[in-house]
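Visitor:
Number of protein chains: 2
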Amino acid sequence: MIREKIDQAIGILREKEIDMWITFVRESSITGDPMLSYICDIGVTWQSAFILTAKGERIAIVGQYDVASLRESGHYQEILGYVESAREHLRSVVLSRDPRKIALNYNTSIPTSDGLTTGMYMNLQSFLKDTPYPERFISAEPVISSLRGRKTPEEIRRIREACRRTLNLFDQAGTFMAPGRSEAEVAAHVLSLVEANGYSLSWDRDHCPAVYSGPGTAGAHASPTARHIQPGHLINMDFGVRCEGYCADLQRTWYVLRPGENEAPEAVRRAFRVLRESVELARKAMRPGVTGVAVDRAARHHLVENGYAEFPHGLGHQVGRETHDGGALLGPAWEKYGSSVHLPLEAGQVFTIEPRITLEDYGIVTLEEEVVIGESGCDYLNPPQEELLYIRG
Amino acid sequence: MIREKIDQAIGILREKEIDMWITFVRESSITGDPMLSYICDIGVTWQSAFILTAKGERIAIVGQYDVASLRESGHYQEILGYVESAREHLRSVVLSRDPRKIALNYNTSIPTSDGLTTGMYMNLQSFLKDTPYPERFISAEPVISSLRGRKTPEEIRRIREACRRTLNLFDQAGTFMAPGRSEAEVAAHVLSLVEANGYSLSWDRDHCPAVYSGPGTAGAHASPTARHIQPGHLINMDFGVRCEGYCADLQRTWYVLRPGENEAPEAVRRAFRVLRESVELARKAMRPGVTGVAVDRAARHHLVENGYAEFPHGLGHQVGRETHDGGALLGPAWEKYGSSVHLPLEAGQVFTIEPRITLEDYGIVTLEEEVVIGESGCDYLNPPQEELLYIRG
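Quick note, the sequences are listed as chains A and B, same order.
Using this note's numbering, you'd call the opening residue of the first sequence number 806 and step up by one each time.
Using this note's numbering, you'd call the opening residue of the second sequence number 806 and step up by one each time.
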């Protein structure tokens, strides 16, 4: 997979007319760059530069003790080891290639494109002092967003399998849910299934799964509580497991029937219907070239038009090796999202679509599906939830 | 432990006359700051600022969905949630306190003080544009180095226990070593013991333990190979397990006796003796106020004086939650070490001492001990290796 992604990166450098891309890291277990695992299969200790060029060169500058491991891994043609300082090798590689643009891993809006630490950026500036090259530094965001976003068939396969595993555990969680059981008990049951299957979680164990039962919950990112499932509650769960390093991130909603009920009250069913429609509107709006702001607006507008409040978060994010992956995001033009919601979507990207409606008396109706963008449209990676799920009292 | 370290941090801010320390992070599972776990027990998604002041204030600015978890953890008095942007809260916290110095987590020399990414640094500059505050940014290195370096008694206890566990596994590894067994078999055996005990490794599994047998090995940071242990070989192992998050990092050396030998050849015994003396010289040189350059020189000089080559690495590093932890380092004034080898040592710091001698015909003689600096001297945290260990053929 590393060789495949390195080759893809070199193609992207050519396409975007960027001569050189430098990933500059040290002590990768302490301040790791999220791009390192795409282009290298060892961890590094001292200042290390992994350099790819549009001409197809693959050059690594690493501390002497990392040379043997890197040579063995075979992904770099030219491996320059040093003892005292990376400065001379770095200067000579840059000066001899004379790149017009040097892409570095920094970006104000997009975390996966922002692995270069401030001190390491200063070191690069110092190494290239008195040369024209610091003025040729640009953000590597266009390279990184495409490299992480444009999934290879193998990457898609892994995510699809992660979704399949996750939905299987959702089914088993639904069977376990019952009035009197707590959010924490449901989560513990799901975690025991994860362990029995030998799966890894997509995010931190303290809220993976996140389980919210009834009205007035934290609603997201908080740990399951001792609150008990009750008839008349909506229950939602946000959860995902991985397959070979790639994440799933899905949500499902259940309604707990009250004595005598055979279906949820109309207010709940209507909210689910409108929410489901908004997911479909978003999916149908997604294709290469469209921006995340437009997709978010389609779903958000449908909720508002039907009398519901706007959800206080973006509509969806990319998924990959990180649960929140890639560059382009589906969301409103809020400052915290920066440029990410204005980037045009590309084929091969995998997104979540996750609007929500809060019903004061019942809880939260959520759906989170995963979709993949094709050349002219967008398909589900997993069977979407089309009907409200029921827990019988 | 978090409350204890936050209180310690506030004391350090007062001592160093720094008004405000800001740890500014987002998507902490993607680009995490190594300081976050000292001051906060949740992960965060959106731009989040954890602010401590010399006046003792504990303020957090986080995305709305992280408010509930953070409130529950109880470490921050003032928690400001937001939906669209952290800008206004951040401006108002800084402007109302009017700090003369604002410490941020960037540093050219020291990885644990360099968790602030370049894009996030740019965001802070943008948030505080048109104010005097960007000019008051300073590196938080003095705060971080003392906070990570000055271990509390509980931190020392954990590291000591990690060393005890590690040495116990070294003993068992020595029993397993025998001519004909490969480096990889020794490592696999050690990993099976780690698993059986439920321990976590101090660093990446691919070279924890690192095992080097005989002459001409990679010598450090490389995975164990299929090379077989042979009579006349020196074997060294570099290894550590954790205790409650705190690392051990130790090395031991064995000699494999040849038929008829009852001890190692004099060349090997002499090298071990000189190496052991250099460890002692270093330990005795260590006390508050001395610099790492001076300590490194004491050990290095002793080897050179006795006719051995200089080791191509620093003499030792701090140990804590990371295997390579803290600010001050014991090493020569090489550019890659930057300021770290010139920082005065402080009481409470835990260091490794790890010189080496390479013997062309036998392999590498290494020792790595852990020591803790007291008010007027320096003590071993573990029983040091005082005699060469033997494997019988």
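We treat Cβ as the ideally placed atom computed from N, Cα and C, and that holds for glycine.
Source: prediction; values computed, not measured.
From B:E1049, B:W851, B:Q1035 and B:S1028, pick the residue whose C-alpha is nearest to that of M1042 of chain B; which is it?
Guide: Among B:E1049, B:W851, B:Q1035 and B:S1028, the Cα nearest to that of M1042 of chain B belongs to B:S1028.
Visitor: Using a Cβ cut-off of 7 Å (strictly closer), state whether R773 of chain A contacts chain B.
Guide: Because chain A spans 806 through 1198 in this model, residue 773 of chain A falls outside it and cannot be assessed.
Visitor: In its own chain, which residues sit with a C-beta less than 6 Å from the C-beta of G1182 of chain B, not counting the 5 before and 5 after it?
Guide: Here the set comprises R1092.
Visitor: Restricting to Cα atoms, I'd like to know which of A:T971, A:S1007, A:A1053 and A:A983 is closest to H1038 of chain A.
Guide: Of A:T971, A:S1007, A:A1053 and A:A983, the residue nearest in Cα terms is A:A983.
Visitor: Hey, quick one: how far does the beta strand (DSSP E) through G1202 of chain B stretch, first residue to last?
Guide: Given that chain B is displayed from residue 806 to residue 1198, the structure contains no residue 1202 of chain B and the question cannot be resolved.
Visitor: What residues in the segment 1102-1119 of chain A have a beta carbon less than 8 Å from any beta carbon of chain B?
Guide: Against chain B - using a Cβ distance shorter than 8 Å - the residues of the segment 1102-1119 of chain A are P1117 and H1118.
Visitor: Would you list the one or two residues that DSSP bridges to V1124 of chain A?
Guide: Answer is none; V1124 of chain A lacks a bridge partner.
Visitor: From the beta carbon of G1136 of chain A, is the nearest beta carbon of chain B less than 7 Å away?
Guide: No - not a single Cβ of chain B is within 7 Å of the one on G1136 of chain A.
Visitor: For my contact list, S853 of chain B and I866 of chain B are in at a C-beta cut-off of 8 Å; report their separation, rounded to the angstrom.
Guide: So it is a contact: roughly 6 Å between Cβ atoms.
Visitor: Indicate the three-state DSSP secondary structure (helix, strand or coil) for T836 of chain B in the structure shown.
Guide: Coil, per DSSP.
Visitor: Rounded to whole angstroms, what is the Cα-Cα separation between L909 of chain B and A945 of chain B?
Guide: Near 5 Å, if we compare the C-alpha coordinates of A945 of chain B and L909 of chain B.
Visitor: In whole angstroms, what is the alpha-carbon distance linking L1006 of chain B and Y870 of chain B?
Guide: Near 33 Å, if we compare the C-alpha coordinates of Y870 of chain B and L1006 of chain B.
Visitor: Do Y926 of chain B and V899 of chain B have their C-beta atoms within less than 7 Å of each other?
Guide: No, the Cβ-Cβ distance between Y926 of chain B and V899 of chain B is not below 7 Å.
Visitor: So is W851 of chain A in contact with chain B if we call contact Cβ pairs under 7 Å?
Guide: Yes, its Cβ sits closer than 7 Å to a Cβ of chain B.
Visitor: Exposed or buried, P947 of chain B, counting other C-beta atoms within 10 Å across all chains shown (16 or more means buried)?
Guide: Per the 10 Å Cβ criterion, buried.
Visitor: With distances taken Cα to Cα, identify the nearest neighbour of G985 of chain B among B:R969, B:G1021 and B:P1036.
Guide: Per the Cα distances, B:P1036.
Visitor: Less than 7 Å between the C-beta atoms of L1055 of chain B and D1101 of chain B, yes or no?
Guide: Not a contact, by the Cβ cut-off of 7 Å.
Visitor: Quick one, which residues of the segment 916-940 of chain B are near chain A if we go by CB-CB under 8 Å, in chain order?
Guide: Taking 8 Å as the Cβ-Cβ cut-off against chain A, the residues of the segment 916-940 of chain B that qualify are P916, T917, S918, D919, G920, L921, T922, T923, G924, M925, Y926, M927, N928 and S931.
Visitor: Curious, which full-length beta strand (DSSP E) runs of at least 3 residues does the segment 1022-1095 of chain B contain?
Guide: Qualifying beta strand (DSSP E) stretches, in chain order: 1039-1044 and 1055-1061.
Visitor: Can you name the residues of chain B whose CB is closer than 8 Å to the CB of E820 of chain A?
Guide: The premise fails here: E820 of chain A is roughly 23 Å from chain B at the closest Cβ pair, so nothing lies under 8 Å.
Visitor: Where does A945 of chain B sit, in a helix, a strand or coil, going by DSSP?
Guide: Residue state, collapsed to three classes: coil.
Visitor: Based on the DSSP output, what are the partners of I1178 of chain A in its beta bridges?
Guide: Per DSSP, A:C1183.
Visitor: Within the chosen definition, does the segment 806-817 of chain A reach the segment 964-971 of chain B through at least 3 CB pairs nearer than 8 Å?
Guide: With the cut-off at 8 Å, the segment 806-817 of chain A and the segment 964-971 of chain B do not touch.
Visitor: Take the Cβ of T836 of chain B as the centre, count every other Cβ of all protein chains shown within 10 Å, and call the residue buried at 16 or more, exposed below.
Guide: Buried is the call here.
Visitor: How close, in whole Å, do the beta carbons of I815 of chain B and G879 of chain B come, if the pair is a contact with beta carbons under 8 Å?
Guide: About 16 Å separates the two Cβ atoms, so there is no contact after all.
Visitor: Hey, does K1141 of chain A have any beta-carbon neighbour from chain B nearer than 7 Å?
Guide: Yes, K1141 of chain A lies at the interface with chain B (some Cβ there is under 7 Å from its Cβ).
Visitor: Pick from B:N1111, B:T913, B:T1058 and B:G1132: whose alpha carbon is nearest that of G1097 of chain B?
Guide: When each option's Cα is compared against that of G1097 of chain B, the closest is B:G1132.
Visitor: In the DSSP assignment, find the unbroken beta strand (DSSP E) run with G868 of chain A in it and report its ends.
Guide: Looking at the DSSP string, the run of the beta strand (DSSP E) that includes G868 of chain A is R863 to G868.
Visitor: Report all residues from its chain with a CB closer than 6 Å to the CB of R963 of chain A; omit the five preceding and five following residues, and keep chain order.
Guide: Excluding residues within five positions, the ones whose Cβ falls inside 6 Å are C1048, E1049 and Y1051.
Visitor: List the DSSP bridge partners of T828 of chain B.
Guide: Paired residue(s): B:F855.
Visitor: Please list the partners that A1023 of chain B has in chain A, where partner means a Cβ-to-Cβ separation under 7 Å.
Guide: Result: A873.
Visitor: Under the three-state reduction of DSSP, which class applies to V849 of chain B: helix, strand or coil?
Guide: Three-state result, V849 of chain B: coil.
Visitor: Does any CB atom of chain B fall closer than 7 Å to the CB of N973 of chain A?
Guide: N973 of chain A does not count as touching chain B.
Visitor: Would V995 of chain B and A1015 of chain B qualify as a contact pair, given that the criterion is a beta-carbon distance under 7 Å?
Guide: No, they are not a contact pair.
Visitor: Going by DSSP, what residues sit across from P1117 of chain A in a beta bridge?
Guide: Bridge partners of P1117 of chain A: none, in fact.
Visitor: Please state whether DSSP places I1196 of chain A in a helix, a strand or coil.
Guide: Correct three-state label for I1196 of chain A: strand.
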